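Inspection log for the structure reproduced underneath, given as structure tokens.
2 protein chains.
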Amino acid sequence: MSVTAAKGFTAAGVAAGLKDSGAPDVALVVNTGPRLAAAGVFTGNRVKAAPVLWSQQVLGGGQVSAVVLNSGGANACTGPLGFQDTHATAEKAAEVLGVSAAEVAVASTGLIGLRLPMDRLLPGIATAAEALSPHGGEKAAIAIKTTDTVHKTAVVEGPGWTVGGMAKGAGMLAPGLATMLVVLTTDADVPAADLDTALRAATRTTFDRVDSDGCMSTNDTVLLLASGASGVVPGAPEFAEAVRAVCDDLAQQLVRDAEGASKDIRIEVVNAADEDEAVDVARSIARNNLLKCALHGEDPNWGRVLSAIGTTSATFEPDELNVAINGVWVCKKGSVGEDRERVDMRYREVRITADLAAGPHSAVVWTNDLTADYVHENSAYST
Amino acid sequence: MSVTAAKGFTAAGVAAGLKDSGAPDVALVVNTGPRLAAAGVFTGNRVKAAPVLWSQQVLGGGQVSAVVLNSGGANACTGPLGFQDTHATAEKAAEVLGVSAAEVAVASTGLIGLRLPMDRLLPGIATAAEALSPHGGEKAAIAIKTTDTVHKTAVVEGPGWTVGGMAKGAGMLAPGLATMLVVLTTDADVPAADLDTALRAATRTTFDRVDSDGCMSTNDTVLLLASGASGVVPGAPEFAEAVRAVCDDLAQQLVRDAEGASKDIRIEVVNAADEDEAVDVARSIARNNLLKCALHGEDPNWGRVLSAIGTTSATFEPDELNVAINGVWVCKKGSVGEDRERVDMRYREVRITADLAAGPHSAVVWTNDLTADYVHENSAYST
Numbered sequence: 001m002s003v004t005a006a007k008g009f010t011a012a013g014v015a016a017g018l019k020d021s022g023a024p025d026v027a028l029v030v031n032t033g034p035r036l037a038a039a040g041v042f043t044g045n046r047v048k049a050a051p052v053l054w055s056q057q058v059l060g061g062g063q064v065s066a067v068v069l070n071s072g073g074a075n076a077c078t079g080p081l082g083f084q085d086t087h088a089t090a091e092k093a094a095e096v097l098g099v100s101a102a103e104v105a106v107a108s109t110g111l112i113g114l115r116l117p118m119d120r121l122l123p124g125i126a127t128a129a130e131a132l133s134p135h136g137g138e139k140a141a142i143a144i145k146t147t148d149t150v151h152k153t154a155v156v157e158g159p160g161w162t163v164g165g166m167a168k169g170a171g172m173l174a175p176g177l178a179t180m181l182v183v184l185t186t187d188a189d190v191p192a193a194d195l196d197t198a199l200r201a202a203t204r205t206t207f208d209r210v211d212s213d214g215c216m217s218t219n220d221t222v223l224l225l226a227s228g229a230s231g232v233v234p235g236a237p238e239f240a241e242a243v244r245a246v247c248d249d250l251a252q253q254l255v256r257d258a259e260g261a262s263k264d265i266r267i268e269v270v271n272a273a274d275e276d277e278a279v280d281v282a283r284s285i286a287r288n289n290l291l292k293c294a295l296h297g298e299d300p301n302w303g304r305v306l307s308a309i310g311t312t313s314a315t316f317e318p319d320e321l322n323v324a325i326n327g328v329w330v331c332k333k334g335s336v337g338e339d340r341e342r343v344d345m346r347y348r349e350v351r352i353t354a355d356l357a358a359g360p361h362s363a364v365v366w367t368n369d370l371t372a373d374y375v376h377e378n379s380a381y382s383t
Numbered sequence: 001m002s003v004t005a006a007k008g009f010t011a012a013g014v015a016a017g018l019k020d021s022g023a024p025d026v027a028l029v030v031n032t033g034p035r036l037a038a039a040g041v042f043t044g045n046r047v048k049a050a051p052v053l054w055s056q057q058v059l060g061g062g063q064v065s066a067v068v069l070n071s072g073g074a075n076a077c078t079g080p081l082g083f084q085d086t087h088a089t090a091e092k093a094a095e096v097l098g099v100s101a102a103e104v105a106v107a108s109t110g111l112i113g114l115r116l117p118m119d120r121l122l123p124g125i126a127t128a129a130e131a132l133s134p135h136g137g138e139k140a141a142i143a144i145k146t147t148d149t150v151h152k153t154a155v156v157e158g159p160g161w162t163v164g165g166m167a168k169g170a171g172m173l174a175p176g177l178a179t180m181l182v183v184l185t186t187d188a189d190v191p192a193a194d195l196d197t198a199l200r201a202a203t204r205t206t207f208d209r210v211d212s213d214g215c216m217s218t219n220d221t222v223l224l225l226a227s228g229a230s231g232v233v234p235g236a237p238e239f240a241e242a243v244r245a246v247c248d249d250l251a252q253q254l255v256r257d258a259e260g261a262s263k264d265i266r267i268e269v270v271n272a273a274d275e276d277e278a279v280d281v282a283r284s285i286a287r288n289n290l291l292k293c294a295l296h297g298e299d300p301n302w303g304r305v306l307s308a309i310g311t312t313s314a315t316f317e318p319d320e321l322n323v324a325i326n327g328v329w330v331c332k333k334g335s336v337g338e339d340r341e342r343v344d345m346r347y348r349e350v351r352i353t354a355d356l357a358a359g360p361h362s363a364v365v366w367t368n369d370l371t372a373d374y375v376h377e378n379s380a381y382s383t
């Protein structure tokens, strides 16, 4: 499972003492080849953490030998010294693995604005290197958890090749990726440019359409590494679909583990004039705090859905809008529709369908409800 | 005080039975002249309640004889029948007051998607007309409350003339106005076009810069009525300033009464390239749920401020950003600044200053923290 499901990879997860709890906090993923092709997608936030700035440079070369990941500190907003810390992290991994630091990606997660304790992180990298194993994927997935309640892995098998991956993320999930770190690996023989195409297509309709709390992280990183160890060159469509499926699986796991959430909310906008407008409307609904509170209270408050749609510039006529909640069309033609008492809100998944009656396009965005637990978790996080 | 502080106005507030609680729910404000000049500003939401659609038509004529306001139902998303209800409301007021229905504005607030009980509202209008008094302003302000814990009024005196007003609003407060109904009155002799200029300028920097929870209402209405009863024609700048001051006072009262809030958060963006960018950045900070939770927990989490700034397209360099919380510059040059332990977070007001180091412009937006009480209040509102 995880990042070692595909051949040509080893991984490890160890406790280096970055977390006060003593839980694992440093992960290492190593591509043992024969290929070192890689692609990456990073946060759209203009305030980027040091490891994002570093890894963007590394990925520019299209080759990655290893990825060092740490929880227990985001190394964001830490200035030039923070960037030096990331550089030293890559150098240390390069040294113990015998590879070039220019091929070592780094990803960090945790609190913003704190320097990493390098006196613990650097020995932790050496310890992780000693623990590397072709069965280390689960341990790596565990070591990148922050407020995640479970570790997250996924695998899809192709004919003769495999795509596997791990993810962390439980809050600050929003477009342009979430506070999430994701490493995908494959033993398919795919060059970097084709990895990039497949990864961007996959993230666009999976991770980028998870909008748990509207907050965009400084550290989001999704990497795809290909070892070529299977010796198989897959067809582009089937490979792209496998990458998409793994991303989709991991994205769903992120939604289900969102901080404090009691509902997973699937928002589908249909009959939009184009896909971008469908996404805009879905995101506006996903970010409406009043609606998210109502759904937490199992109240099918379609008025708040219409109110959210009305703030967008998408193509629609207010008196042509239709809204279904869990299959009941509670709003028809912008007004009262079927009896809202018929909506069964008892289950964790809530399905909202918003029909713009403006064209043939659609999109799905996932979000969560807004709960007192979310408030508690995020008002006490750094204390 | 309130809408009867200025000469030439009577008002009333009565209980018509729209609210199950039996609390007052119908207000009437009547301009007794000699002038009937008026201006209005309405929600930017494209899904507009029936009374907004009606009152926009009325205000097009620049004359308003009376305003009927009701709590206990928003009459939004109620289709053509809902519009007929608003029309009938105006006709009833016109009948009992002996004025033209085309000069009767209507404003409603409460739940979306429910028809108003006209068999109670219409008799309520007759009762309110009988109760009209030049001292009725307070009662009118009380009758428009929904989840407001207090009624809200303000008065500013000019030389020989007065501007007074009332407001309701305690949630769904966002730009393009809040779920708020505001009626301002003045006995100054000002034509409709000049009222419009003064009102738009005032709301742009007051009500439009309150962003309590990012949710824009379908019903927001701000009206300014001038009776000319003082016989004084004020200078345009002094009149504009009086209108602004009343709006600012009422806007501050809305912030302080926001649903479930424990903190009033003043976000000032300074050194922006232009005012629009300053507002965009301030609003992005105001809408960051993670930050709002942190401030609720009295955690001066400047990393979440930077993360919010980074999602905007405003002009700035990430490593030139500075952030102060309650006067302590906890972030300098995009990195760790003064000791965050020095920030005193015990008081209700929190002041955030974000320095973009990009120009001479600034703007202030007010918001509130995100609390478990907000979640509770809004997950149980309609049940």
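If you read the protein sequences in the order shown, they are chains A and B.
Count the first sequence with the working numbering and you get residues 1 to 383, in order.
Count the second sequence with the working numbering and you get residues 1 to 383, in order.
Glycine residues also receive a C-beta, built at the ideal position from the N, C-alpha and C atoms.
These numbers were taken from a predicted model, which means no experiment stands behind them.
By the Cβ test, the segment 115-134 of chain B is not in contact with the segment 147-156 of chain B, since fewer than three Cβ pairs between them sit closer than 8 Å. With respect to A/Asp355, A/Asn322 sits close: the two C-beta atoms are nearer than 7 Å.
Beyond the five residues adjoining it in sequence on each side, B/Arg342 comes within less than 6 Å, by CB distance, of Val328 in the same chain, given in chain order.
At least one C-beta of chain A is nearer than 7 Å to the C-beta of B/Pro318. The beta-carbon distance between A/Gly160 and A/Leu184, rounded to whole angstroms, is 18 Å. This is too long to meet the 8 Å contact definition. Linking B/Leu114 to B/Gly124 through their CA atoms gives a straight-line distance of about 18 Å. Taking C-beta atoms as the reference points, A/Leu195 and A/Ala74 fail to come closer than 7 Å. 7 Å or more divides the Cβ of B/Ala278 from the Cβ of B/Ala286. Counting along the chain, A/Gly165 sits inside no alpha helix (DSSP H); it lies in the beta strand (DSSP E) bounded by residues 162-168. Using a CB distance below 9 Å, the part of the segment 293-309 of chain A facing chain B consists of Cys293, Ala294, Leu295, His296, Gly297, Glu298, Asp299, Asn301, Trp302, Gly303, Arg304, Leu306, Ser307, Ala308, Ile309, ordered along the chain.
Contacts with chain B at 7 Å (Cβ-Cβ) include A/Cys77.
If you draw a straight line from the Cα of A/Ala192 to the Cα of A/Ala5, it comes to about 20 Å. Spatial neighbours of A/Leu370 in its own chain (CB-CB distance under 7 Å, excluding positions within 5 residues in sequence) are listed in chain order as Asn289, Lys292, Cys293, His296. Cβ-Cβ separation between A/Met1 and A/Glu95: approximately 29 Å, too far for a contact (criterion under 8 Å).
By the C-beta density criterion, A/Asp85 is buried, having at least 16 other C-beta atoms within 10 angstroms.
Contact annotation, B/Ala76 with B/Asn31: C-beta distance approximately 26 Å; criterion of less than 8 Å not satisfied. Taking the Cβ atoms as the reference, B/Ser335 lies roughly 16 Å from A/Gly110, outside the contact range of under 8 Å.
The Cβ neighbour count for B/Leu81, taken over all protein chains shown within 10 Å, is under 16; the residue is labelled exposed.
Fully enclosed alpha helix (DSSP H) runs of no fewer than 4 residues occupy 236-256, 275-286, 289-296 of the segment 228-300 of chain A, in order along the chain. Here B/Gln63 is bridged, per DSSP, to B/Ala37.
What A/Ser217 touches in chain B, judged by beta-carbon distance under 8 Å, is Ser307, going in chain order.
Here A/Ala74 carries a coil assignment [DSSP, helix/strand/coil].
B/Lys139: not part of any beta strand (DSSP E); member of the alpha helix (DSSP H) spanning 137-143, first to last residue. With fewer than three CB-CB distances shorter than 8 Å, the segment 231-243 of chain B does not count as touching the segment 350-364 of chain B. The residue among B/Ala141, B/Gly17, B/Ala131, B/Leu224 with its C-alpha nearest the C-alpha of B/Arg200 is B/Leu224. A/Gly334 has a beta carbon lying within less than 7 Å of a beta carbon in chain B. A/Leu223 carries a strand assignment under DSSP once its states are collapsed to helix, strand and coil. In this structure, A/Ala167 keeps its C-beta atom at 7 Å or more from the C-beta atom of A/Val155. Against chain B, the CB of A/Ser379 has a partner CB under 7 Å away; the residue lies at that interface. For A/His361, the enclosing beta strand (DSSP E) has its first and last residue at 361-368. A residue is called buried when at least 16 other Cβ atoms come within 10 angstroms of its Cβ; A/Arg346 does not meet this threshold and is exposed. For B/Val269, the closest alpha carbon among the candidates B/Lys92, B/Arg35, B/Pro360, B/Gln56 is that of B/Pro360. Nearest in C-alpha terms to A/Glu275, of all of A/Ala12, A/Gln252, A/Arg204, A/His376, is A/Arg204.
Around the beta carbon of A/Glu317, fewer than 16 other beta carbons lie within 10 angstroms, which makes this residue exposed. Listed in chain order, the beta strand (DSSP E) elements of length 3 or more contained wholly in the segment 310-337 of chain B are 322-325, 328-332.
Looking from the CA of A/Ile325, the closest CA among A/Ile112, A/Leu306, A/Val41, A/Ala314 belongs to A/Leu306.
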